[in-house]
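Step one of this worksheet: look at the structure below.
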Amino acid sequence: MYDNRAVAMSCVVKYGLAPSQNSLLWRKEMKFKLVKQSLNVVWISPIITPLMFSPEWFRRYELLREEDINNSNSNFGPDTIVTDYGWIEIQCSPTKAVFQLSRSGLESALADLTSSIFAMFEHAETKAIGINTLYTYNFDDKNDWENIGNALVPKDLWNNNNNSKILLNDVEYHYGMKNLVIAIENATPKDSDSYSETINVTYAPIKKSDNINYGLHIQYNHELRILEDKKSVEFTNLLREIIPKQINEALKNDINSHEAMFRRVLS
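If you count the sequence shown from 1, you need to add 8 to reach the numbering used here.
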């Protein structure tokens, strides 16, 4: 069990969620503004069915507060059940469970819950785990927004070398980033590694809306995948220990990666 206020405070101390002074300074200067951030954990396992992690299951094993269970809401699809417990939403489909954090400040509660679940399913096979951090930014200045895109995907390269033709009359070409994915991988994997780890980083511009002038969506997908099927149960048992650290490091480092790039490009 947990206390919301205690968990929120522990996130700053334990998980290092307080933004750096440099980040705060730049946001005050309105170069960019963090509008939204979220976190989810995806579990891929043959044991998962749509009926898992129901309110009754959580009541039986006392992994959630009675208040959260009583106020929960479930939506049923053809092969998916989504249950909202207030601070966390859990979506289950065949072989896949998504634990989506709904309230900022409860990241450590999500880490503790998923770690406890892996401990309970110590004999289950795990094929892969995804830890996803998601960030949405607003840029008031169009030039700043375009400079970020141009740094990631240089337009001069396309202006000078593109030979593909739009077959309309009087065409003026514009080259813009629509969706960019970068894979960060281990260049020196070892035979002793029990799983592989890849970070897939996605940058995508966002259309203008009420609170977005020029927007950018950034997602980090930390993908942990077994290398051999025979190690799938061992991987599940390992997850109970490493999942809190994985979440901690993702929360601490991901935001610093792209905000450092923003500051460098816009300085």
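Idealized CB from N, CA, C, for every residue including glycine.
Because the structure is a prediction, the values reported are computed rather than measured.
Stretch-stretch touch, CB-based, cutoff 8 angstroms, three pairs: the segment 44-57 with the segment 142-149: yes
Alpha carbon of Phe270 to alpha carbon of Leu121, nearest angstrom: Rounded to the nearest angstrom, the two C-alpha atoms are 34 angstroms apart.
Asp92 versus Trp166 - alpha carbon distance: 46 angstroms
The alpha helix (DSSP H) enclosing Trp166, as first and last residue numbers: Boundaries of the alpha helix (DSSP H) around Trp166: 163-169.
Close-in-space but distant-in-sequence residues of the same chain around His230 (CB under 6 angstroms, 5 per side omitted): Cβ within range, chain order: Ile139, Ile207, Ala258.
Beta strand (DSSP E) runs wholly inside the segment 68-127, at least 3 long, in chain order: Qualifying beta strand (DSSP E) stretches, in chain order: 81-84, 89-92, 96-101, 104-109.
Contact check, Leu109 vs Ile89, beta carbons under 8 angstroms: no
Where the alpha helix (DSSP H) containing Ile174 begins and where it ends: Neither: Ile174 is in no alpha helix (DSSP H) and is coded neither H nor E.
Per-residue burial, Tyr203 [other beta carbons within 10 Å of its own, 16 or more giving buried]: buried
Beta-carbon proximity of Pro86 to Thr57, cut-off 8 angstroms: no
Simplified DSSP state of Leu259, which is helix, strand or coil: Correct three-state label for Leu259: helix.
C-beta contact flag for Trp153 and Ala105 at 8 angstroms: no
Straight-line gap, Ala132 to Leu247 (C-alpha atoms, nearest Å): Answer to the nearest angstrom: the Cα atoms are 12 angstroms apart.
Which of helix, strand or coil DSSP assigns to Ala159: For Ala159, the three-state secondary structure derived from DSSP is helix.
Entirely enclosed beta strand (DSSP E) segments - the segment 205-246, minimum 3 residues: 222-234
Residues of its chain near Tyr181, where Cβ-Cβ distance is below 6 angstroms and the 5 sequence neighbours each way are ignored: Same-chain partners within the cutoff: there are none.
Per-residue DSSP class, three states only, for Ser46: strand
Contact check, Thr244 vs Ile226, beta carbons under 8 angstroms: no
Cβ-Cβ distance between Ile255 and Glu115 below 8 angstroms: yes
For Ile137 and Leu235, believed in contact at Cβ under 8 angstroms, the rounded distance: With a Cβ gap of about 14 angstroms, Leu235 and Ile137 do not count as contacting.
For Lys41, the three-state DSSP class (helix, strand or coil): In the structure shown, Lys41 sits in a strand (DSSP, three-state: E or B).
Cβ neighbours of Leu160 in the same chain (closer than 7 angstroms, five flanking residues each side left out): Met185, Leu188, Tyr211
Where Lys36 sits in the DSSP three-state scheme: For Lys36, the predicted model reports a pLDDT of 49, less than 50, meaning its position is unreliable and no value from the coordinates is stated.
Residue burial classification, Ser80 (beta-carbon count within 10 angstroms, cutoff 16): Residue environment for Ser80: buried (at least 16 other C-beta atoms within 10 angstroms of its C-beta).
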